[in-house]
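As structure tokens, the structure follows; a few thoughts come after it.
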Amino acid sequence: MNRRSFFQSVGTLIGAIALLPVVGRAEGRRGGSTAAAAGPQLVDPKDRQALSVNYVELNTTLKDKALQNPRSGVQFKDQKCKACAFYQHDKETSAAGKKAAPCQMPFAGGKMVSAEGWCSSWAKKA
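By the numbering used here, the letter at position 64 of the sequence shown is numbered 66, and the numbering carries on one by one without gaps.
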């Protein structure tokens, strides 16, 4: 590669990089990605991060009896995401036919958790 072709390649690369933000904004104006169009998504209980906190979409389906103990004076049957300090009630909506809202815990990754769900990070709402 000679000097002239090197600088032509670098110039083309810089031009392409400069156009990336413009293309991204155009995608947003068109309606965004198909994932955004699908509406709110629930956390997949089989996801690796969800498994690490024992997340289930329905607290009655938790199989590990050792985790089903009272916390902060709340019996396990009443420990649901909707009664958790990390559940964002003000953003509650419907996702996959279930009441759901975003969770502030990192495992949720911007997705919704089921109002009837549970995870080992459950904390009594103040």
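Backbone N, C-alpha and C fix where the C-beta goes; we use that ideal spot for every residue, glycine too.
In the structure shown, Ala102 adopts extended strand secondary structure according to DSSP, grouped into three states. Here the C-alpha atom of Asn56 lies approximately 40 angstroms from the C-alpha atom of Leu22. By the neighbour-count criterion, in which a residue is buried when 16 or more other Cβ atoms sit within 10 angstroms of its Cβ, Ser116 is buried. Rounded to whole angstroms, the gap between the alpha carbons of Ser74 and Lys82 is 13 angstroms. The straight-line gap separating the alpha-carbon atoms of Phe88 and Ala52 is approximately 15 angstroms.
Exclusion of the five residues before and after Ser54 leaves Phe109 as the residues of its chain whose Cβ lies within less than 7 angstroms of its Cβ.
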